[in-house]
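Residue numbers (the working numbering): 46 to 216. Reading through the structure tokens given below for one structure.
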């Protein structure tokens, strides 16, 4: 006699729920370029959110599960960053140092050259007039604007919502 039950269709009836696993891999930084850093920031934020969700379910300590930023950077890139950009010994570089340098590089224009903003806006920002929902139309426009600011290095010029100022007081 088997140690499991079978329903009328012949399917096995499980007595305990089957666990669902999702492999969560930390993003790797293999190139020190503005495009790669922007992609790394986006993937890192997604990774940290997934780890937070996992730790909330499993009651694990987030600090024990989270892979450090330093461990996510390829060794040659980390050596270059430490020696030539941060001018520190490889061992003394911290996650905060790397994160600050990523923010600095992502928040500036590529090669300190101001791009053709009008052409860029025309390419990236289009109001979808086929969308019936006005709120959805405006929301998509502002999401596209935020993506443009992030990916093209306008954060240093335009800024972001992390200034701590309430939206009503900025008007």
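From the three backbone atoms N, C-alpha and C, an ideal C-beta is built for every residue, glycine too. Every value quoted in this text rests on a predicted model; they were computed, and no experiment measured them.
Among the residues of its own chain, which have a CB less than 7 Å from the CB of residue i, if the five just before and after it don't count?
i           : result
residue 73  : 117 and 119
residue 173 : 182 and 185
residue 189 : 169 and 170
Going straight from the alpha carbon of residue i to that of residue j, what length do you get?
i           : j           : result
residue 169 : residue 51  : 57 Å
residue 71  : residue 130 : 24 Å
residue 123 : residue 92  : 20 Å
residue 196 : residue 151 : 8 Å
residue 147 : residue 133 : 16 Å
residue 56  : residue 49  : 10 Å
Grouping DSSP H, G and I as helix and E and B as strand, with all else coil, what is residue i?
i           : result
residue 196 : helix
residue 67  : coil
Taking residue i and residue j to be in contact with their CB atoms under 8 Å, please state how far apart those CB atoms are, rounded to whole angstroms.
i           : j           : result
residue 125 : residue 77  : 6 Å
residue 107 : residue 100 : 5 Å
residue 226 : residue 145 : The chain is shown from 46 up to 216; residue 226 falls before or after that span and cannot be answered.
Can you list, in chain order, the residues of its chain with a C-beta nearer than 8 Å to that of residue i? Leave out the 5 residues immediately preceding and following it.
i           : result
residue 193 : 165, 166, 169, 170 and 199
Please specify which runs of the alpha helix (DSSP H), each continuous and at least 4 residues long, are wholly inside the stretch 72-125, giving them in chain order.
-> Correct list: 79-103, 107-110, 114-117 and 120-125.
Continuous alpha helix (DSSP H) assignments of at least 4 residues falling wholly in the stretch 160-194 | Scanning the stretch 160-194 for uninterrupted alpha helix (DSSP H) segments of 4 residues or longer gives 162-169, listed from N- to C-terminal end.
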